[in-house]
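The structure under discussion appears below in the form of structure tokens.
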């Protein structure tokens with residue numbers, strides 16, 4: 469089945485949360501999925517992962533962002549962060565969630581197959 473590639477272009481936790489849910493739905497349907505956090509969005513995967521909406525999510529019986537990231541990794545959603553974005557966020561690779569790969573947008577886009585779907589959040 470065609471894969472799904474997602475770019476998170478804003479540093480809002482809600483965008484990453486939605487991208488993770490979408491990627492996880494794709495993997496549940498048997499499609500490979502991967503997410504690239506561009507620019508300042510790279511900071512969203514700083515370990516420990518958290519965002520302002522976590523408390524409301526937990527109160528509603530939903531996982532917080534850290535829990536959703538962990539679940540996505542378990543489901544084999546591949547996570548990438550922009551190297552330039554890491555510099556903008558003032559972080560390095562050792563400060564990221566361990567399963568996250570640093571890379572560039574060009575290399576991410578080079579791996580998007582013609583039959584794949586590409587979404588931007």
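Residue numbers (my numbering): 469 to 589. We put the beta carbon where it would ideally sit given N, CA and C, even for glycine.
Assignment of beta strand (DSSP E) within the segment 481-549, counting only whole runs of 3 or more residues, yields 501-505 in chain order. Beta-bridge annotation (DSSP): residue 474 is paired with 503 and 587. Between residue 470 and residue 584, the CB-CB gap stays under 8 Å.
Residue 516 and residue 527 have their C-alpha atoms some 20 Å from each other.
A straight line joining the alpha-carbon of residue 514 with that of residue 582 spans about 31 Å.
Residue burial is scored here from C-beta neighbours: residue 558 has fewer than 16 other C-beta atoms within 10 angstroms and is therefore classed as exposed.
Counting C-beta pairs closer than 8 Å gives three or more between the segment 538-555 and the segment 492-504, which meets the contact rule.
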